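Encoded as structure tokens, the structure appears first; notes follow it.
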Amino acid sequence: MTKKTALTLIISLIIALALIPGVFMLAKVLRKVEAYDFIVNNELWFTIAAEEKTTCEQML
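Next up, the structure:
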């Protein structure tokens with residue numbers, strides 16, 4: 029293996045390892061979450077995730 033090939037392999041590995049956390053974060057952001065819309069007088073006020081619905085209803 030030449031020095032150029034080894035250097036390219038090491039740099040590629042470093043870049044790939046640096047991108048892994050970003051891929052996981054992007055997957056978390058893009059996942060579908062069940063949500064509820066709160067509508068007052070036929071106007072959307074806000075949308076919340078399903079796991080926060082009971083907490084929000086208790087506050088209201």
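Residues 29 to 88 (the working numbering) make up the sequence shown, in order.
Glycine included, each C-beta is placed from N, C-alpha and C at the ideal position.
All of these numbers come straight from a predicted model, not from anything done at the bench.
Mapping the DSSP letters down to three states, classify residue i as helix, strand or coil.
i   : result
T30 : coil
V68 : strand
L41 : helix
V57 : helix
L47 : helix
L35 : helix
Based on the DSSP output, what are the partners of residue i in its beta bridges?
i   : result
F74 : F66
Okay, do the stretch 36–51 and the stretch 65–73 touch, 3+ Cβ pairs below 8 angstroms being the bar?
Contact fails between the stretch 36–51 and the stretch 65–73, because fewer than three Cβ pairs, one in each stretch, are under 8 angstroms apart.
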